[in-house]
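Undergrad: Could you have a look at this structure, given as structure tokens, before my questions?
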Amino acid sequence: MDYTILPFSRIKHLLPADSWVYTHNERNHGKFEENPVVFFQGNSRLENLNLDRPLDEEHVFLVLVDGNLAVDTYVYNEETDGATCLIVKGDLHAQNMVVGGQEIYVAGNLEVAELFWGEYNHGDLTVAGNAFASVFMDTEEYHVSVRGEQQFSQRISNWDELGDWNDLDEDLLKGVFAQDCVMELDEELTLDREKMLEYFKAGRSVLILDKIKAAEEPDIPFPFDNSEMSTGNLIRLADSVLMPFEAKGSGGKYEFWRDDEFYRVIRSSSEAEYRAVYLQEDRCAVIVETKEEERNGIPNMTLHYRGRYIEGEDTEWYSIDDTSPEPFRLLLQRGWPALLTAVSRFEYYRSYVKPEQISEILSLPLVEPYNDFYDEDKGGFWCGSVYAGFRQPGVVRDGEEKPPCVIVAREQGEDMEIYHFSVEKCVNGSETVEILYQASNGYEHKALPVWDEEKLKIACRLFRIAEKKLFSLNQNLLAGHIPYSAESFAVKYWKEQGYLRIKR
């Protein structure tokens with residue numbers, strides 16, 4: 001373990017030109033010139049590296065390795081508001097890294113056998129090559145830049161794939177990390193750095209390794225017998241939970257766009273039980289529809305196909321078959337299976353939240369005082385980074401009874417993104433939870449059905465976060481702990497109902 005301590009001015013020519021320590025020094029008239037640097041010449045190996053006090057040296061500004069660095073146990077620091085920087089000119093291998101509050105720059109590849117955790121916005125990780133870790137965790141706006149491939153069995157972050165901020169998944173933390181390494185801070189779960197250091201020093205893993213798995217796409221069932229254009233599949237499309245309940249009495253439809261193609265499914269409850277699919281692209285449109293015919297005196301339902309051009313001199317509807325112009329045949333060949341796939345996915349997200357979940361949330365003692373959906377204070381409250389609103393059963397508005405509903409929202413810049421989870425009836429009379437999207441706050445912004453799969457993913461994830469937070473807050477309330485954001489009217493109600501027996 002040979003190293004020398006040199007002033008920054010003696011090693012700055014070895015630093016990556018885009019590293020923060022180099023650029024900040026150059027732009028600030030040699031601000032770091034006299035700062036002490038621990039310098040390793042060539043490939044190096046350490047048992048551990050504590051960046052609060054590296055190698056028991058005091059006031060070290062930077063550890064620089066002019067080669068590869070292997071750390072057998074851990075790279076660690078407790079102080080996330082300012083710790084020793086680390087620059088490795090080659091590859092960095094470590095068993096665990098729990099860091100934050102400094103620049104860490106790896107000019108080669110980063111390979112962490114178990115956990116990498118970077119915390120707080122005073123810390124930066126730059127990896128010029130590839131990054132590998134069993135669990136990679138970045139929290140509290142820790143900055144990460146990996147220029148090569150990222151291979152993490154599990155990624156845990158406050159930032160989602162769209163760059164939006166969310167609370168950490170509490171079940172995931174409890175499932176992945178050793179129980180005594182998880183602690184509650186300000187009503188939210190986080191990790192105990194000091195306890196982790198104890199594990200590292202004892203040679204123990206803070207991870208429950210058999211619970212770690214890469215994020216997978218949901219296994220979305222395909223509810224159709226096959227992808228063929230058949231009477232059975234058309235009826236199944238028209239009987240989907242996506243079809244509004246009013247279609248049962250008066251006929252109805254559901255429709256959506258996918259890129260430049262438009263899809264509509266039609267259902268009529270007339271005596272003929274008409275069902276149809278309408279597909280449209282830029283050039284043309286086609287209809288696949290049911291038609292009842294008699295064969296040997298027995299009613300028989302068959303499929304008929306019609307098509308028309310959208311523009312031009314002749315936009316009349318004509319029957320189409322295998323000899324029809326290619327645009328009609330291609331639209332059918334492409335659009336029909338795409339419709340079945342889209343409906344499968346929309347049905348999956350429609351069934352993600354069950355009516356019983358909405359009912360259970362609305363019946364929580366925590367939620368009971370929030371019984372005026374249209375009141376700014378009594379309509380709901382913030383649960384961490386998401387807002388939860390509630391409409392109890394039996395609410396009448398403008399002479400119409402409104403369905404039970406849970407709202408989940410989050411801030412988007414200066415505005416809000418709002419999702420309604422409303423209990424509605426399906427065409428078959430059963431109940432389902434329809435997800436509606438409201439682009440901004442205020443009654444002038446109407447909540448509309450969601451036909452965007454990415455928004456549905458976000459909606460379901462936000463609901464999951466809010467649901468877990470609500471049940472956790474409810475449990476704490478019954479244990480005598482008042483939620484931080486509770487209004488006085490709610491506290492009074494909980495006391496009157498006997499839910500809250502201990503004063504704050």
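Quick note on numbering: the UniProt record's numbering labels position 494 of the sequence shown as 494, and the sequence is numbered without any gaps. The beta carbon of each residue, even a glycine, is placed where N, CA and C say it ideally should be. Remember, predicted model here, so these are calculated numbers, not experimental data.
Within its chain, find whatever has a CB closer than 8 Å to the CB of residue 7; leave out the 5 residues flanking it on each side and keep chain order.
TA: Residue mapping note: residue 7 aligns to position 7 of the sequence shown, counting from 1. Counting only Cβ-Cβ distances below 8 Å, and skipping sequence neighbours, we find 33, 34, 35, 36 and 37.
Undergrad: Taking 8 Å as the threshold, find out whether the stretch 35-55 comes into contact with the stretch 112-130 through three or more Cβ pairs.
TA: no
Undergrad: Whose C-alpha, out of 63, 60 and 448, is nearest the C-alpha of residue 436?
TA: Residue 436 sits at position 436 when you count from the first residue of the sequence shown. If we check each option's Cα against that of residue 436, 448 comes out closest.
Undergrad: Return the residue from the list 295, 289, 373 and 298 that minimises the CA-CA distance to residue 307.
TA: On the sequence shown, residue 307 is found 307 positions in, with the first residue counted as 1. Comparing Cα positions, the closest option is 289.
Undergrad: Give the DSSP-derived three-state secondary structure of residue 244 in the structure shown.
TA: Here the question's residue 244 lines up with position 244 in the sequence shown. Strand, per DSSP.
Undergrad: Secondary structure at residue 147, three-state DSSP: helix, strand or coil?
TA: In the sequence shown, counting from the first residue as 1, residue 147 sits at position 147. In the structure shown, residue 147 sits in coil (DSSP, three-state: anything other than H, G, I, E or B).
Undergrad: Ends of the beta strand (DSSP E) at residue 96?
TA: Residue 96 sits at position 96 when you count from the first residue of the sequence shown. Here the beta strand (DSSP E) through residue 96 covers 92-99.
Undergrad: Mind checking who residue 50 pairs with in its DSSP beta bridge?
TA: Translated into the one-based positions of the sequence shown, residue 50 becomes position 50. Answer is 76.
Undergrad: For the beta strand (DSSP E) containing residue 189, name the first residue and the last one.
TA: Against the sequence shown, residue 189 aligns to sequence position 189. Taken as a continuous stretch (DSSP letters only), the beta strand (DSSP E) holding residue 189 covers 188-191.
Undergrad: Using 10 angstroms around the beta-carbon of residue 218, count the other beta-carbons present and answer buried if the total reaches 16, otherwise exposed.
TA: By 1-based counting over the sequence shown, the position of residue 218 is 218. The residue in question, residue 218, is exposed, as its Cβ has fewer than 16 Cβ neighbours within 10 Å.
Undergrad: Could you name the residues of the same chain whose beta carbon sits closer than 6 Å to that of residue 451, not counting the 5 residues immediately before and after it, in chain order?
TA: Along the sequence shown, read from residue 1 onward, the residue named residue 451 stands at position 451. Hits under 6 Å: 256.
Undergrad: Starting from the N-terminal side, write out each stretch of the beta strand (DSSP E) that is 3 residues or longer and does not extend beyond the stretch 291-364.
TA: For the stretch 291-364, whole beta strand (DSSP E) runs of length 3 or above, ordered along the chain, are 298-309.
Undergrad: Below 6 Å CB to CB, which residues in the same chain sit around residue 416 once its five sequence neighbours on both sides are set aside?
TA: In the sequence shown, residue 416 corresponds to position 416, counting from 1. Same-chain partners within the cutoff: 409 and 441.
Undergrad: Mapping the DSSP letters down to three states, classify residue 420 as helix, strand or coil.
TA: Sequence index remark: in the sequence shown, residue 420 carries index 420 (1-based). Here residue 420 sits in strand by DSSP.
Undergrad: From which residue to which residue does the alpha helix (DSSP H) around residue 60 run?
TA: Position 60 of the sequence shown holds residue 60. Per DSSP, residue 60 belongs to no alpha helix (DSSP H) and is neither H nor E.
Undergrad: My guess is that residue 154 and residue 182 are in contact by the Cβ rule of under 8 Å, so how many angstroms apart are they, rounded?
TA: Translated into positions along the sequence shown, residue 154 becomes position 154. Translated into positions along the sequence shown, residue 182 becomes position 182. Not confirmed; about 15 Å, so no contact.
Undergrad: With distances taken Cα to Cα, identify the nearest neighbour of residue 172 among 488, 280 and 207.
TA: As a working mapping, residue 172 is identified with position 172 in the sequence shown. That would be 207, whose Cα lies nearest to the Cα of residue 172.
Undergrad: Whole angstroms are fine: how far does the CA of residue 77 sit from the CA of residue 198?
TA: Numbered from its first residue, the sequence shown carries residue 198 at position 198. Numbered from its first residue, the sequence shown carries residue 77 at position 77. Whole-angstrom Cα-Cα distance: 13 Å.
Undergrad: Using the Cβ count rule (16 or more neighbours within 10 Å means buried), how would you classify residue 394?
TA: Numbered from its first residue, the sequence shown carries residue 394 at position 394. Residue 394 comes out exposed.
Undergrad: What did DSSP end up calling residue 134 once you bin it into helix, strand or coil?
TA: Looking up residue 134 in the sequence shown gives position 134. Strand.
Undergrad: Taking the Cβ atom as the reference point for each residue, do residue 141 and residue 80 lie within a distance shorter than 8 Å?
TA: As a first step, residue 141 must be located in the sequence shown, where it is residue number 141. As a first step, residue 80 must be located in the sequence shown, where it is residue number 80. No. Outside cutoff.
Undergrad: Based on the DSSP secondary-structure assignment, which residues constitute the bridge partners of residue 7?
TA: Taking the sequence shown and counting its residues from 1, the one referred to as residue 7 is at position 7. Note: residue 7 sits in a beta bridge opposite 36.
Undergrad: Could you give the C-beta distance for residue 65 and residue 40, rounded to a whole number, given that I count them as a contact under 8 Å?
TA: Position 65 of the sequence shown, counted from the start, is the residue given in the question as residue 65. Position 40 of the sequence shown, counted from the start, is the residue given in the question as residue 40. The pair is a contact, with the Cβ atoms about 4 Å apart (cut-off 8 Å).
Undergrad: Please state whether the Cβ-Cβ distance between residue 105 and residue 9 is less than 8 Å.
TA: The residue you call residue 105 lines up with position 105 of the sequence shown. The residue you call residue 9 lines up with position 9 of the sequence shown. Annotated as distal: residue 105 and residue 9, with beta-carbon spacing of 8 Å or more.
Undergrad: In or out: residue 52 buried (at least 16 other Cβ within 10 Å) or exposed?
TA: On the sequence shown, position 52 is the one that residue 52 refers to. Exposed is the call here.
Undergrad: Cα separation between residue 326 and residue 343?
TA: For the purposes of this step, residue 326 is taken as residue 326 along the sequence shown, with counting starting at 1. For the purposes of this step, residue 343 is taken as residue 343 along the sequence shown, with counting starting at 1. Their Cα atoms are separated by approximately 26 Å.
Undergrad: Answer yes or no: do residue 146 and residue 138 have a C-beta to C-beta separation smaller than 8 Å?
TA: The count along the sequence shown starts at 1 and reaches residue 146 at position 146. The count along the sequence shown starts at 1 and reaches residue 138 at position 138. Their beta carbons are not under 8 Å apart, which means residue 146 does not touch residue 138 by this criterion.
Undergrad: Provide the residue span of the beta strand (DSSP E) that contains residue 257, from first to last.
TA: The count along the sequence shown starts at 1 and reaches residue 257 at position 257. Residue 257 -> beta strand (DSSP E) spans 252-258.
Undergrad: Count the other CB atoms, across all protein chains shown, that sit within 10 Å of the CB of residue 374; report buried if there are 16 or more and exposed otherwise.
TA: Position 374 of the sequence shown, counting from 1, holds the residue named residue 374. With fewer than 16 Cβ atoms within 10 Å of its Cβ, residue 374 is classed as exposed.
Undergrad: Residue 282 to residue 253, Cα distance in whole Å?
TA: Working through the sequence shown from its first residue, we reach residue 282 at position 282. Working through the sequence shown from its first residue, we reach residue 253 at position 253. Distance from the CA of residue 282 to the CA of residue 253, rounded to the nearest whole angstrom, comes to 21 Å.
Undergrad: My guess is that residue 384 and residue 457 are in contact by the Cβ rule of under 8 Å, so how many angstroms apart are they, rounded?
TA: Sequence index remark: in the sequence shown, residue 384 carries index 384 (1-based). Sequence index remark: in the sequence shown, residue 457 carries index 457 (1-based). Actually they are not in contact, since the Cβ atoms of residue 384 and residue 457 sit about 19 Å apart, beyond 8 Å.
Undergrad: Considering only the alpha carbon of each residue, which of 368, 367, 377 and 234 lies closest to residue 336?
TA: By 1-based counting over the sequence shown, the position of residue 336 is 336. Checking every option, the nearest Cα to that of residue 336 belongs to 234.
Undergrad: So which of 412, 411, 312 and 406 has the shortest CA-CA distance to residue 422?
TA: Locating residue 422 in the sequence shown gives position 422, where the first residue counts as 1. Of the candidates 412, 411, 312 and 406, the one whose C-alpha sits nearest the C-alpha of residue 422 is 406.
Undergrad: According to DSSP, simplified to helix, strand and coil, what is residue 210?
TA: For the purposes of this step, residue 210 is taken as the residue at position 210 of the sequence shown. Residue state, collapsed to three classes: helix.
Undergrad: Can you look up residue 425 in the DSSP assignment and give me helix, strand or coil?
TA: Counting from one through the sequence shown, the residue named residue 425 turns up at place 425. Reduced to three states, the DSSP call for residue 425 is strand.
Undergrad: Mapping the DSSP letters down to three states, classify residue 27 as helix, strand or coil.
TA: Residue numbering aside, residue 27 sits at position 27 when the sequence shown is read from its first letter. Residue state, collapsed to three classes: helix.
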